[in-house]
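Beneath this line is the structure, given in structure tokens, with notes to follow.
In the numbering used here, the protein residues as written are 1184 to 1753.
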């Protein structure tokens, strides 16, 4: 084990690793700082492994506050109305942020709507008839439990307050349990006041439709996009001539009046959802023709039983998840489909896990629910929720509206109420955050931040630079030829090394430099963000070479490698 002073010495040594003259000496000192069992372990077999291990730990210390600062500085995300002091829980997206956000949404729509024949899209209104929310149960049940101080009425979201103060898991905690814990541990508000009995707080924003406020024209900003799908279900099925099984997809804004918005974009009051409701025949829950495509995927999994016993997550295949009766093949398929998509976007598999909801935390409409969680700096948290909503919503809307929401099944010659076997509901901003954290690299060798975005997500795909300003006409000609095919940025300010660094911090995958030789050989230098390798490419072939690189072809196979002169070293 380490003694406390050893931690300080260790970190000092790690921060001096850039000094090549002292690296060998530091390696030996690091070995001495470890006890006998540590350096005999396979993990700590060599001093270089030790250094890599602790450098990795240090690299994971980026906090959510630091990410917020970085996003503001680089033009990804701004606090809304900052010149007036801002407004908690609301954010504006800057030039880079809006591009990244739109690229995420485009990828989702391409993958789960355009590339399928069984999913159809809609775009529902943000405000709808209040009876929708009465039928769905949101008017009565969509609430968080709130602690309120007795005199000054300071309010806290109860589960978050207890999790912070007591360091316990509070998923699905009840009002009675909260009251007991507050009394048992003599918890009080920050000003020392005692709390009132815990109360539910409805999270829906209320608004008035029309000039006069009455009970009849009071409405809500939607807290989820799902209900637009359910109330338009029959129309979509008819217009799309859809046959079970099929899904309806939607991307749009949602609003929740969070008691305590926190953690930057993770928990805000206005956000976007990408959501699918997938409908099947209620008697064919076990018949999923797509399951084989994901069944061998192994994932980190935290079961409800493990949570009850305070155990850590393990690993399981989706096939075993179904075999053990923990979920249906359909539900497992949709979990697997999104798990694969997250990894394709660049999220590391080890930063993802599936968590089963405990029975007491299930929403009022859910028969079962699983979260795909991401390992944020503040812990494992929900990235996507995927509920089995059963026949709850269609049954309730049929009951409240008096309209039939059944479909005729040709095979059985009967009308059936479709079963919602999966509802992958994805917050755009949470995925935005996870992608940023996994892309973020404080590259000590380059002495700048590098964002390793998937090219399909990068806010700027290609940077075009004239080596000097005299070459701007040729560079602008190249820029114009690329702009119609890719998201490009033209940059002529500063040294070429400084421009490469700026492009790295934006996550730009490729930079194209026009130099004096370009006027003679009509070629340009193409530089790869991740490897910093460079090749020479004829301008006439540039669009094709970039497209091949973005499709996965290694850069050095697409042109002759060039070594930059020392004066241009980064």
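Beta carbons are placed, not taken as given, at the ideal position from N, Cα and C, and that holds for glycine.
{"Asked": "Proximity below 8 Å, CB of residue 1679 to CB of residue 1696", "Found": "yes"}
{"Asked": "Per-residue DSSP class, three states only, for residue 1269", "Found": "coil"}
{"Asked": "From 1312, 1353 and 1610, residue whose alpha carbon lies closest to that of residue 1490", "Found": "1353"}
{"Asked": "Cβ neighbour criterion (16 or more within 10 Å) applied to residue 1439", "Found": "buried"}
{"Asked": "Contact under 8 Å by Cβ, residue 1605 with residue 1569", "Found": "yes"}
{"Asked": "Status (buried if at least 16 other CB within 10 Å, exposed otherwise) for residue 1475", "Found": "exposed"}
{"Asked": "Local conformation of residue 1711 per DSSP, three classes", "Found": "strand"}
{"Asked": "Sheet register partners of residue 1513 (DSSP bridge)", "Found": "Residue 1513 is not bridged to any residue."}
{"Asked": "Start and end residues, beta strand (DSSP E) containing residue 1421", "Found": "That residue, residue 1421, is in no beta strand (DSSP E); its alpha helix (DSSP H) goes 1416 to 1422."}
{"Asked": "DSSP-derived helix/strand/coil call for residue 1457", "Found": "strand"}
{"Asked": "Classification of residue 1742 by the beta-carbon crowding that lies within 10 angstroms, buried from 16 upward", "Found": "buried"}
{"Asked": "Euclidean distance between Cα positions of residue 1692 and residue 1614", "Found": "20 Å"}
{"Asked": "Continuous alpha helix (DSSP H) stretch holding residue 1361: start and end", "Found": "1358 to 1367"}
{"Asked": "Beta-carbon proximity of residue 1602 to residue 1517, cut-off 8 Å", "Found": "no"}
{"Asked": "Inter-residue spacing [alpha-carbon to alpha-carbon] between residue 1624 and residue 1531", "Found": "14 Å"}
{"Asked": "First and last residue of the uninterrupted beta strand (DSSP E) at residue 1278", "Found": "No beta strand (DSSP E) holds residue 1278; the alpha helix (DSSP H) holding it covers 1278 to 1292."}
{"Asked": "Straight-line gap, residue 1737 to residue 1725 (C-alpha atoms, nearest Å)", "Found": "15 Å"}
{"Asked": "Validate contact between the stretch 1641 to 1649 and the stretch 1281 to 1298 using beta carbons, cut 8 Å, 3 pairs", "Found": "yes"}
{"Asked": "Classification of residue 1729 by the beta-carbon crowding that lies within 10 angstroms, buried from 16 upward", "Found": "buried"}
{"Asked": "Beta strand (DSSP E) segment containing residue 1566, residue limits", "Found": "1562 to 1571"}
{"Asked": "Option nearest residue 1330 by Cα separation, candidates 1361, 1350, 1318 and 1314", "Found": "1361"}
{"Asked": "Per-residue burial, residue 1740 [other beta carbons within 10 Å of its own, 16 or more giving buried]", "Found": "exposed"}
{"Asked": "Beta strand (DSSP E) segment containing residue 1326, residue limits", "Found": "1326 to 1331"}
{"Asked": "Candidates 1571, 1429, 1512 and 1734: closest to residue 1500 by CA position", "Found": "1512"}
{"Asked": "Inside the stretch 1293 to 1320 only - alpha helix (DSSP H) runs reaching at least 4 residues", "Found": "1313 to 1319"}
{"Asked": "CB contact flag (residue 1656, residue 1529, <8 Å)", "Found": "no"}
{"Asked": "Reduced DSSP category for residue 1263 - H, G, I as helix; E, B as strand; rest coil", "Found": "coil"}
{"Asked": "Stretch pair the stretch 1407 to 1419 + the stretch 1450 to 1460: three plus CB contacts closer than 8 Å", "Found": "yes"}
{"Asked": "At least three beta-carbon pairs within less than 8 Å, the stretch 1445 to 1455 to the stretch 1593 to 1602", "Found": "no"}
{"Asked": "Contacting residues, own chain, Cβ-Cβ under 7 Å from residue 1549 (five flanking each side not counted)", "Found": "1570, 1571 and 1572"}
{"Asked": "Nearest residue (CA-CA) to residue 1648, options 1633, 1699, 1311 and 1636", "Found": "1699"}
{"Asked": "Opening and closing residue of the alpha helix (DSSP H) in which residue 1254 lies", "Found": "1247 to 1257"}
{"Asked": "Cβ contact (3+ pairs, closer than 8 Å) linking the stretch 1412 to 1422 and the stretch 1430 to 1437", "Found": "yes"}
{"Asked": "For residue 1553 and residue 1300, the rounded distance between their alpha carbons", "Found": "25 Å"}
{"Asked": "Residue-level contact to chain D via CB, residue 1602, 8 Å cutoff", "Found": "Among the protein chains of the structure shown there is no chain D, as only one such chain exists."}
{"Asked": "Cβ-based burial, residue 1140 [other Cβ within 10 Å; buried from 16]", "Found": "Because the chain is modelled from 1184 through 1753, residue 1140 falls outside the range shown and cannot be assessed."}
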